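Asks:
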Amino acid sequence: MSIVQEPVREAVPQGPLKTPFYPRVVKLDTVNQWHEWKGYSSPDALYCADLEYFAIRNSTAVFDLSPMTKYRITGPDALDYLNRLVTRDMAKVKPGRVAYAVWCDDQGQVIDDGTIFHLREGEYRLCCQERHFAWLQAATIGFDVEVVHETDEIAGLAVQGPTSYSVLSTMGVKGLEDLKPFGLMHVDFQGVEMMISRTGFTADLGYELWIDPGKALDLWDALFAAGTDYKIRPIGTHALDLARIEAGYLAPYAEFLPSDETVRTGRSRSPLELGLEWLVDFKKPNFNGRRALAEEKRNGSTWQLVKLDIEGNKIAHSSYIFSNSKAKGGSIGFVTSATWSPVCKQNIALGTVKAPHGKPGDTVWVEIYYQREMHWNREMAKATVVDKPFWFPARRGATPPGPY
Amino acid sequence: MTKNMDSQYDAIVVGAGHNGLVCSALLAKAGKRVLVLEANEQVGGAAITREFAEGYSVSACAHLLYQLQPEVRKELKLATRLVCEDMTTIALGEDGKHLRIKTDSVEGVSDEDAAQYRDFRKRMTRFSNLLRKYFNKCPPRLGTRDFKDLMTLGQLGLDVRMLGKAEMESLLRLIFMNIHDELTERFENPMLKGAISLDAVLGTHLGPRSPNTMMTYLYRMSGDHGRSGIPAGGMGSVSNELAHAARSAGATIRTSMPVKRIIIENGRATGVETESGDRFDSLMVISNADPKTTLMKLIGAQHAETGFANRMSHLRAKGNAAKLHLALDGLPTIEGLSKKDYAERIVIAPDEHYVERAFNPAKYGESSPNPVIEITFPSFRDETLAPTGKHVMSAVVQYAPYGLKGGWNDEAKAAFMKAIIDTLSKYMPDIEQRITASELLTPADIEREFHISGGHWHHAELSLDQFMFVRPVNGAAQYKMPIDGVYLCGAGTHPGGGVSGAAGRNAARTILSREKAA
Amino acid sequence: MKTYDAIVVGAGHNGLTTAAFLAKAGLDVVCVEKNDYIGGATVSRNLYKDWWYSNCSYVCSLLRPEIYRSLELHKHGLQVTPYGGSLTFMQNGDYYGSYHDHEAAYREVARFSRKDADAFKNYSADTMRQCRLIRDFLLRTPPDPTSFKPRDLMELIRIGGKINEMGEDRIGETVRFWTMSVAEYLDEYFETDVIKTALSASGIIGTALGIHSPGTAYVLLHHYMGDVDGNVGSWGFARGGTGAVANAIAGAFQAEGGELRTEAGVDKFIVKNGKVAGVALDNGDEVHANVVVSAMDVKRTFLTCMDKSDLPEKFHNRVENFKIRGSSGKINIALDGLPTFPALPKDSPLYLADMHFTDSMERMERAYDDWKDGTWSKDPYIDMTMPTTNDPTMAPPGKHFMSCFVQYCPREINGREWTQEDKDGFQKSVFDQISNYSPDFKDLVLHAEVRTPQDIENEIGITEGNIFHGELTMDQLMFNRPVPGYAQYRSPIDGLYMCGSSNHPGGGIMGAPGANAAREILMDLKRPNTVPENFGDD
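Protein chains in written order, with our numbering: chain E, 1 to 404; chain Z, 1001 to 1518; chain H, 2001 to 2538.
1) Identify whether I116 (chain E) lies in helix, strand or coil by the three-state DSSP scheme.
2) Pair every Cβ in the region 38–51 of chain E with every Cβ in the region 109–128 of chain E, then say whether three or more of these pairs are closer than 8 Å.
3) Does DSSP put Y320 (chain E) in a helix, a strand or coil?
4) How is the alpha helix (DSSP H) around H1063 (chain Z) delimited, first residue to last?
5) If K2323 (chain H) and E2471 (chain H) are in contact, beta carbons under 8 Å, what's the gap, nearest whole angstrom?
6) For T1510 (chain Z), tell me which candidate among Z:H1494, Z:V1499 and Z:S1500 has the shortest Cα-Cα distance.
7) In the region 1207–1277 of chain Z, which residue ranges form an unbroken alpha helix (DSSP H) of at least 4 residues, counting only runs that do not cross its ends?
8) Suppose the cutoff is 6 Å on Cβ atoms and the five residues either side in sequence are ignored; what does the same chain contact list for I1179 (chain Z) look like?
9) Hey, how far is the Cα of E1522 (chain Z) from the Cα of T1088 (chain Z)?
10) By DSSP's criteria, H35 (chain E) is part of a beta bridge. Which residues make up the other side?
11) Taking the C-alpha atoms as reference points, what is the distance between I56 (chain E) and T163 (chain E)?
12) Are the CB atoms of C1023 (chain Z) and I1286 (chain Z) nearer to each other than 8 Å?
13) Name the one or two DSSP bridge partners that D309 (chain E) has.
14) Counting C-beta neighbours from all protein chains within 10 Å, is the total for T1333 (chain Z) 16 or more, i.e. buried, or is it exposed?
15) With DSSP run on the structure shown, which of helix, strand or coil describes K2372 (chain H)?
16) Between which residues of its own chain and C1084 (chain Z) is the CB-CB distance below 7 Å, once the five residues before and five after are set aside?
17) If you draw a straight line from the alpha carbon of L2016 (chain H) to that of Y2083 (chain H), how long is it in whole angstroms?
18) Can you tell me which of the three DSSP states F2148 (chain H) falls into?
19) What does DSSP give as the partner residue(s) for A2006 (chain H) in the beta ladder?
20) Mapping DSSP to helix, strand and coil, what is L1324 (chain Z)?
21) Which residues share a DSSP beta bridge with R1311 (chain Z)?
22) Measure from the alpha carbon of A1414 (chain Z) to the alpha carbon of each residue in Z:A1053, Z:S1425, Z:S1438 and Z:V1499, then state which is nearest.
23) By the 9 Å beta-carbon criterion, what residues does the region 1169–1181 of chain Z contribute toward chain B?
24) Hey, quick one: how far does the beta strand (DSSP E) through H186 (chain E) stretch, first residue to last?
25) I'd like to check one pair, K1318 (chain Z) with G1407 (chain Z): are the Cβ atoms closer than 8 Å?
26) Between S1453 (chain Z) and chain E, is any beta-carbon pair separated by less than 8 Å?
27) Determine, for L2344 (chain H), whether the minimum Cβ-Cβ distance to residues of chain E falls below 8 Å.
28) Find the residues of chain Z that neighbour I1970 (chain H), judging by a C-beta separation of less than 7 Å, and give them in chain order.
29) Between the region 2427–2448 of chain H and chain E, which residues of the former have CB atoms less than 9 Å from a CB of the latter, in chain order?
30) Compare the C-beta of G2167 (chain H) with all C-beta atoms of chain E and state if any pair is closer than 8 Å.
31) Give the DSSP bridge partners of S2328 (chain H), in chain order.
32) What number of angstroms, rounded off, separates the C-alpha of L2158 (chain H) from the C-alpha of I2195 (chain H)?
33) May I have the straight-line CA-CA distance separating I1263 (chain Z) from E1273 (chain Z), to the nearest angstrom?
34) Does DSSP put H2288 (chain H) in a helix, in a strand, or in coil?
35) My output table needs one value for F1377 (chain Z): the three-state DSSP class, helix, strand or coil.
36) Please identify, using Cβ separations under 7 Å, the residues of the region 2118–2136 of chain H that lie next to chain E, in order along the chain.
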């Protein structure tokens, strides 16, 4: 070989990358609180997490979704491929529709959840938190299908809140009035195609916009120009997470761990344990985890995800859950996400408890530690297991949506 | 697709290899209505006799019988006539000084080596007897609470303990060792070490220094303590005998009926479709094909779960053993051999380093420039195989890796052929003049002609990570695929390849006992 | 003449660990060492001007944190600093760097293959699962599967239970992992040759196996199961060189009243009526004790320092058959400045990484073929580090110490001893390889020390200079290590114990064999146990 005299390439960048919307987001940032999200800088908050939250529930909040992992799935067997991959029946998801789905390993343990966009006949996009290319590739064995990792090729914005329909209409989006929840449409934005889906992580009226990164800044500008009168606000992760808990949505690394990353036995969860039985279609002859889940259904699950309405106002961060106020018999589970719901004025939490505990209507007890001026207190708070999301307003599903 | 009206069977066996035939015969004997579909014109799979040049016939793949399990023989009342029995292995030396290795003794080495050899064989016999017992059982599932599985595991633990402390210690060490170290610990004579290490590596992608080769050696011994024989009429006779047993028990065997796919409906097997478009129905389809072919081609990986399909895609099954057939106008001259020695098993593996060096190129997708060779002259005692006065040489030659860089084109085959003839000529100076016709089957040819992925002797590499509980892969080690109604009975399952019938018998017994339990 | 409670033979890190825990239990302990320095292969040596060489072992990760904490090694001067990533130079001028920053590491792999980038987490999780299993065994004595003693049965049941709880699927994966080759293991995750190559090295370092040899996947664990401050799998340098580890353990030993005697090589163990009575030193002196612990490798202990007649024949044969194979060498270099690597950007953080120059699986395996043929690899695998990019104490300011671990390198060249010419050839193979990527390297070399397995054997005393005191193949692990029936640190001679790396769990600067031996000795002496248990991890 010849002696190496100079670099043949640039080094890969160190530290978080900037999303296509970053130049605009950073301009509106006043608090400089950022974290890394799948290799990108993402704001915790941009001016005040509490106020940002109210943008979601009161006007329009804009959240930069670009770091979401995205895969394009195409080919003659795309539907069959997805049907084997996820637990629900994808044949029912027609072009122009979006499906929330979970996928499992052979043991029926959840690898991740995400949304699948049926973009056009036989053409899908899978959108999720984690990266799964190795698994998705392995799943192609036996199928005529192509899976392409396209995270960097699509910029995404969540536009959520009661005035979001008005903002987008003002921006000039036509036909939005007919778009139902979990529907998607393609529109022209300044000469490029933009995909709009009526989806979100907030359980409120809202949309997600997906576009070529080259057009990201123009989209932002148009959106904020149209939204000024509707009190449009950029938001960070903290506000979104609050809304997410009110909606009762799952977050990986909180409500479950991707099963392919767990090292210890029994730390993953099945869809049945996560309250997602409605997503498992045993009528399909084969899908990943089917055998194990059928067996679990016969024999009973170990865990049960619960939504808790907790008395008092002390937030139950990481609390142990007990079946009685005296903590007798040891804990039956623990809280995975907790918050004070500003809109419901409720002390709410998601948690995981050992079956058969955790049926809707059950009473459980939550051990809460809280500090007041250097003083730690412990409280056993009574909590009720509820089966509906804490927040699920009628406007979320209204079609056509109201003006605000 | 034409639906055969009279086509409802209790079981359809895909492939009439010897394991498929054993499995069919046993199921038929148990009263099952069995249909066997074979792609080739002859039954037997890789255990057949066929003409490779006008007037010359040979066992096309497997040519020595040394593993056929007594249980199979007994249950199917086989009475295979052998023309050569308890064959001596003659390890050729270039100077005409050869070693003669019998089952439990060796000639041509120092007294110390001879004594060590006896001791070595004694211990190997003890261990291979133990293994043989488990080779004739369905491997238990690990990590289950199933009583029967736990019993089998407990029995295995007990049997190992019953060997006694010293022998148990040896077994638990030896099973992980390579043959090279064991031979170095015991023997001086390089030819002896070469010949024994050849036995350990034949049919595998391993060299004598590779850990696991003690296990592969024990595997080879697990039949009749390594005693080899040649059936009259070649290996095809054994298959014909098995086919006869199956038919007598009521099984239907149809040849030239390649199966295109196993039909999966609503998540379970419901029958098979042949290449010619015929459909046969059965709720039980037993594949004698290798596990990879079974899943990827016959079933379709889409009918399995991703983890399982992925695991199967990683199953290592790339053969290294080529088969050479020579039509000879007379026996070649080998210095130092008497006439009757041509009835024995002759090996070229002059020392263990030679064997290891033959293996090295295989790691890089190259064939051995100095191959190791196992030779028989089956026509010597069997006049049906060649015209009078003429002879057939049948040889297994290693290493000819399936994944040869550049592929097995004519040029590559010619180059390997030359390497073989050059090697043979060192011991048989007149061999080249004697050849009137020849046939070289590389693993690529074996794959094509016998439908074995990778052309692998064992359908799947025989090594500890693809052995017993995890053979061929997790989730299919009990002869059942994780798709309802599909079973495996070929060499890719426990215990492995060779004309032993163990896999076929175990599969049949497992299927019958499951049915009984249900 | 004074009789000690215990004599420890060999002041390597394991000998010192045993000695320290025995002293901590109140025993009167002397540790005898043949060289005029302590540490054995865990040593920093001043062989050239103001340079300190970690001239045998050179990195630290495996040292059990339980031992570190229990012996308060920080009070005795030990400080382990993690180092920056890993780097493989490629023949086409490119390189594959593994960065500390998780996302940078991801991007680097994704340059080659997005699938490989995503597969990394699966590889890590699956490997970590095996690590967790083995880590639990480290500070425990392996049970004897042939024994019916309650303690052995209980431990067997405990292990069985631990394995059983993994469930069918993961048990199957475990069985495969423990028996397959590192090359095949990596093939199941990755498609990029250079990435597989970079990872595969951990499967063969210190062994006389190639990456395609079955059993090498397990060896990965010996490089992954360590941690620096709970950061599992990461590696660090001991400040002041590797000798700081031995010095700190020696400090702990002496603080407990232990006595250290250097230049006191043992000629023979004194055995009377099947019981050990002490040791006879090379200089003719005798030291007496009823407990003698050998930190030497098992071959040196029983074949060199003991009469065959004192040992049961079967045991003797098994020790003879124990495989300790010289497979790696070392070149220690004093540099006049930091060599440049033009493939890297000038300010690359990878200058702090350990560097490698083998970029394909085929080159890796071919290096092994040379060893099988009885010679050093002509295109060797080199693990090159410059601790001085991190540690200011080992060389004068602006100067550097470079450590090259080189594989493969046999104990003998085709059955004969090494000559100076061989050593020069060996050095040339290494220097030429580095120079291909660092044109100014050769000019910066002020001094180089070449250490073949033969040199290490002669100076340190380890048979064949093997870093693990014995191959890490399944036939020599757990209850088979060093020999079946003697895997519990006791020898056939009453009072004679073994505490070196030939014992479970094996080599690397781990301290576990030393600690485990101390526990067994204290148990036999009915003394309170001073040896810590594994930190739990559930």
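Positions of the beta carbon are idealized from the N, C-alpha and C atoms, including for glycine. As the structure is a computational prediction, the values presented were derived from the model and not from experiment.
Replies: This is what the structure holds:
1) It is a strand residue.
2) Under the Cβ criterion (8 Å, minimum of three pairs), the region 38–51 of chain E does not count as touching the region 109–128 of chain E.
3) Note: Y320 (chain E) maps to strand in three-state DSSP.
4) Here H1063 (chain Z) belongs to no alpha helix (DSSP H), and DSSP marks it neither H nor E.
5) The beta carbons of K2323 (chain H) and E2471 (chain H) sit about 4 Å from each other, so the pair counts as a contact at 8 Å.
6) Ranking Z:H1494, Z:V1499 and Z:S1500 by Cα distance to T1510 (chain Z) puts Z:H1494 first.
7) As far as the region 1207–1277 of chain Z is concerned, its whole alpha helix (DSSP H) runs of at least 4 residues are 1213–1221 and 1236–1248.
8) Closer than 6 Å at the Cβ level, and outside the excluded window around I1179 (chain Z), lie S1197, A1200, P1208, T1213, M1214 and Y1217.
9) No information on residue 1522 (chain Z) is available, as it lies outside the stretch 1001 to 1518 that chain Z covers here.
10) Paired residue(s): E:S42.
11) About 9 Å.
12) Contact flag set, yes.
13) For D309 (chain E), DSSP records a beta bridge to E:I348 and E:T384.
14) Answer is exposed; the Cβ neighbour count stays below 16.
15) K2372 (chain H) carries a helical assignment under DSSP once its states are collapsed to helix, strand and coil.
16) If we look at C1084 (chain Z) and ignore the five residues flanking it on each side, its Cβ neighbours are G1229, I1230, A1343 and R1381.
17) Near 26 Å, if we compare the C-alpha coordinates of Y2083 (chain H) and L2016 (chain H).
18) In the structure shown, F2148 (chain H) adopts coil according to DSSP, grouped into three states.
19) The partner list for A2006 (chain H) (beta bridge, DSSP) reads H:V2029.
20) L1324 (chain Z) falls in the strand class under three-state DSSP.
21) In the DSSP output, where bridge partners are listed per residue, R1311 (chain Z) has none listed.
22) The candidate whose alpha carbon is nearest that of A1414 (chain Z) is Z:S1438.
23) In summary, chain B is missing from the structure at hand, where the protein chains are E, Z and H.
24) Segment L184 to F189, the beta strand (DSSP E) holding H186 (chain E).
25) In this structure, the beta-carbon distance from G1407 (chain Z) to K1318 (chain Z) does not fall below 8 Å.
26) Closer than 8 Å to the CB of S1453 (chain Z) there is not a single CB belonging to chain E.
27) Interface residue, yes.
28) Nothing about residue 1970 (chain H) can be reported from this structure: the residues present for chain H run from 2001 to 2538 only.
29) Answer in chain order: S2435, N2436, Y2437, S2438 and P2439.
30) Output row for G2167 (chain H): interface = yes.
31) Beta-bridge pairing links S2328 (chain H) to H:Q2407.
32) Per the sequence shown, residue 2158 (chain H) should be read as Arg rather than Leu. If I take the Cα positions, the gap works out to 37 Å.
33) Spanning the alpha carbons of I1263 (chain Z) and E1273 (chain Z) requires a straight line of approximately 7 Å.
34) In this structure, DSSP gives H2288 (chain H) an extended state, which the three-state scheme calls strand.
35) Looking at F1377 (chain Z) - three-state DSSP - the assignment turns out to be coil, as it is neither helix nor strand.
36) So the list reads D2118, A2119, K2121, N2122, A2125, M2128, R2129 and R2132, given in the order they occur along the chain.
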